[in-house]
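A short write-up of the structure that comes next.
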Amino acid sequence: EFGKLDIMVCNAGILKAGETIEFSTADWRRVIEVNLVGYFICAREAAKVMVQRKSGVIIQINSKSGKKGSFKNSAYAASKFGGIGLTQSAALELAEFGVRVNAICPGVIATPMVERITGGIRDRIATLAAGAPIGRLGQPEEIANAVLWLCSDESSFVTGHALVADGGWTAQ
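Reading the sequence shown from the start, the letters are residues 31 to 202 in this note's numbering.
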């Protein structure tokens, strides 16, 4: 619509929890398909356009689970670890074409997904918030600000990075 593609933010994912020994192959494949293959397809198609223009930014909204294992979430963690590997590999391949590729790894953010997971029950939300050293859930605007920075010229020397924005969760 605007005649060019400058930025691609890949922000789709699903969470299916369960113990590894009881997790079905079908559920595993679904999580990998959406979270990792979906990111790959979006990044690949954006890169094709950006390479021709010799500029662009691709950002994957990843997860703290891409940096540290996640209890009863092996498929999700595997998909997110894979996403960081894809981010770093694509960054190496696309740097010479002026295309930067990065990921953002949020912790628990106050979103409709957290509402669904907790059922909106205040004690469950408080338990999630207490898991972060900062003592609260992140806000969507805080992740949006990280996206804006990675898309800006202020971060022009940053590529292949997985920026953690999780209130200190993975530092524990």
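Cβ coordinates follow ideal geometry from the N, Cα and C atoms, glycine included.
Pick from Ala133, Gln169, Glu145 that is closest to Ile139, judged by C-alpha positions: Counting from one through the sequence shown, the residue named residue 139 turns up at place 109. The shortest Cα separation from Ile139 among Ala133, Gln169, Glu145 belongs to Gln169.
Whole-angstrom Cβ separation of Gly48 and Leu122, contact assumed at under 8 Å? Translated into the one-based positions of the sequence shown, residue 48 becomes position 18. Translated into the one-based positions of the sequence shown, residue 122 becomes position 92. Rounded, the Cβ-Cβ distance is 34 Å, inconsistent with contact.
Pull up the CB-CB distance for Ile134 and Val177, whole angstroms please, since I reckon it's below 8 Å. The residue you call residue 134 lines up with position 104 of the sequence shown. The residue you call residue 177 lines up with position 147 of the sequence shown. Indeed, because the Cβ distance is near 6 Å, the residues count as touching under 8 Å.
Assuming Gly99 contacts Ala107 under a Cβ cut-off of 8 Å, what Cβ separation, rounded to an integer in Å, is found between them? Indexing the sequence shown from 1 puts residue 99 at position 69. Indexing the sequence shown from 1 puts residue 107 at position 77. Yes, Gly99 and Ala107 are in contact; Cβ-Cβ is about 6 Å, under 8 Å.
Give the single residue among Val188, Phe101, Thr141 whose Cα lies nearest to the Cα of Glu171. Position 141 of the sequence shown, counted from the first residue, corresponds to residue 171. If we check each option's Cα against that of Glu171, Thr141 comes out closest.
contact_flag[the region 73–82, the region 34–41] where n(CB pairs < 8 Å) is 3 or more: yes
Taking the alpha helix (DSSP H) that Ile37 falls in, what are its first and last residues? Along the sequence shown, one-based indexing puts residue 37 at 7. Per DSSP, Ile37 belongs to no alpha helix (DSSP H); it is in the beta strand (DSSP E), 37–40.
From the DSSP output, which residues share a beta bridge with Asn103? As a working note, residue 103 is residue 73 in the sequence shown. According to DSSP, which records beta bridges pairwise, Asn103 is partnered with Gly48.
Here's the rule: buried if 16 or more other CB atoms are within 10 angstroms of the residue's CB, otherwise exposed. What is Lys97? Counting from 1 along the sequence shown, the entry for residue 97 is found at position 67. The residue is buried, with at least 16 neighbouring Cβ atoms inside 10 Å.
What is the DSSP secondary structure of Ile65, reduced to helix, strand or coil? Working through the sequence shown from its first residue, we reach residue 65 at position 35. Per the sequence presented here, residue 65 reads as Asn, with Ile not at that position. Three-state DSSP puts Asn65 in a helix.
Leaving out five residues before and five after Gly137 in sequence, what residues of the same chain have Cβ atoms less than 6 Å from its Cβ? Indexing the sequence shown from 1 puts residue 137 at position 107. If we look at Gly137 and ignore the five residues flanking it on each side, its Cβ neighbours are Lys94, Ala162, Gly168, Asp196, Gly197, Trp199.
Is the separation between the beta-carbon of Val129 and that of Gly86 shorter than 8 Å? Taking the first residue of the sequence shown as 1, we reach residue 129 at position 99. Taking the first residue of the sequence shown as 1, we reach residue 86 at position 56. Yes. Within cutoff.
Check the C-beta distance from Asn92 over to Ile114 and give it rounded, since I have them as a contact under 8 Å. Position 62 of the sequence shown, counted from the first residue, corresponds to residue 92. Position 84 of the sequence shown, counted from the first residue, corresponds to residue 114. With 8 Å as the limit, Asn92 and Ile114 qualify as a contact, their Cβ atoms being about 6 Å apart.
C-beta contact flag for Val81 and Phe111 at 8 Å: Residue mapping note: residue 81 aligns to position 51 of the sequence shown, counting from 1. Residue mapping note: residue 111 aligns to position 81 of the sequence shown, counting from 1. Contact: no.
For Thr50 and Glu145, I'd like the C-alpha separation in whole angstroms. Taking the sequence shown and counting its residues from 1, the one referred to as residue 50 is at position 20. Taking the sequence shown and counting its residues from 1, the one referred to as residue 145 is at position 115. Straight-line measurement puts the Cα of Glu145 at about 24 Å from the Cα of Thr50.
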